Amino acid sequence: MFRYLDLKIELGSLFRLLPAVFLIHDLEEILTVKEFWRENREEIPLPPSIKERLEVTTGEMALAVACMSAASVAASGMAARSPRSGVGPDLFAAVAAVRFFNAFVHLAQTLLLRRYTPGVVTALAVSFPSSLYALLRLRSENLLAERSLPRWFVVGALLHGPVVVGAQAFGRSLARLLHVGSS
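Structure below.
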């Protein structure tokens with residue numbers, strides 16, 4: 024399967040397409056997060072202070088996604104311009120690694136709560152396979168060292184929390200600044 028994709032998708036196209044693929048996942052989260060929190064807030068086994076920091080409105084989520092999307096597009100653009108040198112391929116790999124780990128976070132949330140959680144469908148159906156393919160493709164193109172793939176999975180795990188919390192904080196602050204409603 025990967026060999027077939029390698030033949031059909033040029034490396035530059037992969038760099039440019041992946042942010043759009045990730046946006047599919049992000050849209051599921053934007054469209055479902057408010058309803059999820061409304062219906063499940065009391066059943067989530069976290070202290071109220073943590074819930075308050077995690078709970079986002081649709082507007083805040085959209086702005087957080089815009090922040091992450093901008094970073095993803097920037098990394099992809101840098102990688103597409105200079106795929107064989109510079110920091111672009113490494114930034115692109117970091118974005119793919121965070122998205123890869125994010126799929127496991129969504130799966131864990133769903134298993135823990137034993138119900139649908141925002142983003143789980145597209146995390147497993149879209150983000151997981153596309154980010155895995157991107158990392159494997161970078162390795163097959165000799166843009167990642169042969170043995171570095173496990174290291175990129177660790178990078179994804181280490182960056183995931185700060186990226187998500189930072190994007191949510193940015194989205195919340197920008198929503199207040201712009202007076203974006205609570206819808």
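One point on numbering: in my numbering, the residue at position 89 of the sequence shown is 112, and numbering is uninterrupted.
Ideal placement from N, C-alpha and C gives every residue a C-beta, glycine not left out.
Predicted model, so just to flag it, every value in this text is computed and none were measured.
Is R160 buried or exposed, if buried means 16 or more other CB atoms sit within 10 Å of its CB?
In the sequence shown, counting from the first residue as 1, residue 160 sits at position 137. Flag for R160 reads buried.
By the three-class DSSP mapping on this structure, what secondary structure does A103 have?
Your numbering for residue 103 matches position 80 in the sequence shown. Note: A103 maps to helix in three-state DSSP.
Are the segment 105-121 and the segment 34-44 touching, with three or more C-beta to C-beta distances below 8 Å?
The answer is yes - the segment 34-44 touches the segment 105-121, with three or more Cβ pairs under 8 Å.
Smallest Cα separation from L134: which of I47, L41 and P68?
Translated into the one-based positions of the sequence shown, residue 134 becomes position 111. With distances taken between Cα atoms, L134 lies closest to P68.
Which residue marks the beginning of the alpha helix (DSSP H) containing P152, and which one marks its end?
As a position in the sequence shown, residue 152 is number 129, starting the count at 1. F151 to S163 is the span of the alpha helix (DSSP H), which, as asked, contains P152.
On a CA-only basis, which of L86, A180 and L30 is nearest E116? Give me that one, please.
What you label residue 116 is simply residue 93 of the sequence shown in a count that begins at 1. One point to set straight first is that residue 116 is Ala, not Glu, in the sequence displayed. Checking every option, the nearest Cα to that of A116 belongs to A180.
Using alpha carbons as the reference points, say which of G100, V44 and G189 lies closest to R122.
Within the sequence shown, numbered from 1, the residue matching residue 122 stands at position 99. Of the candidates G100, V44 and G189, the one whose C-alpha sits nearest the C-alpha of R122 is V44.
Just mark A131 as buried or exposed, buried being the case when its beta carbon has 16 or more other beta carbons within 10 Å.
For the purposes of this step, residue 131 is taken as the residue at position 108 of the sequence shown. Answer is exposed; the Cβ neighbour count stays below 16.
Would you decide whether N165 is buried or exposed? Buried here means 16 or more other CB atoms lie within 10 Å of its CB.
Numbered from 1 along the sequence shown, position 142 holds the residue referred to as residue 165. Per the 10 Å Cβ criterion, exposed.
Between the beta-carbon of A87 and the beta-carbon of V79, is there less than 8 Å?
On the sequence shown, position 64 is the one that residue 87 refers to. On the sequence shown, position 56 is the one that residue 79 refers to. Cβ atoms of A87 and V79: closer than 8 Å.
State yes or no: is the C-beta of S153 within less than 8 Å of the C-beta of L41?
As a position in the sequence shown, residue 153 is number 130, starting the count at 1. As a position in the sequence shown, residue 41 is number 18, starting the count at 1. Yes, they are a contact pair.
Just how far apart, CA to CA, sit Y139 and K31?
Taking the first residue of the sequence shown as position 1, residue 139 is located at position 116. Taking the first residue of the sequence shown as position 1, residue 31 is located at position 8. Cα to Cα, the separation comes out at about 34 Å.
Do you know how far the Cα of T55 is from the Cα of V178?
Start at 1 with the first residue of the sequence shown, and residue 178 comes out as number 155. Start at 1 with the first residue of the sequence shown, and residue 55 comes out as number 32. If you take the alpha carbons of V178 and T55, they lie about 28 Å apart.
Would you mind reading off the limits of the alpha helix (DSSP H) that contains S171?
Sequence index remark: in the sequence shown, residue 171 carries index 148 (1-based). That residue, S171, is in no alpha helix (DSSP H); it is neither H nor E in DSSP.
Does the CB of V121 have a neighbour CB from chain B at under 8 Å?
Absent from the structure: chain B. Only one protein chain is present.
What would DSSP say about G184, mapped onto helix, strand or coil?
Taking the sequence shown and counting its residues from 1, one reaches residue 184 at position 161. In the structure shown, G184 sits in a helix (DSSP, three-state: H, G or I).
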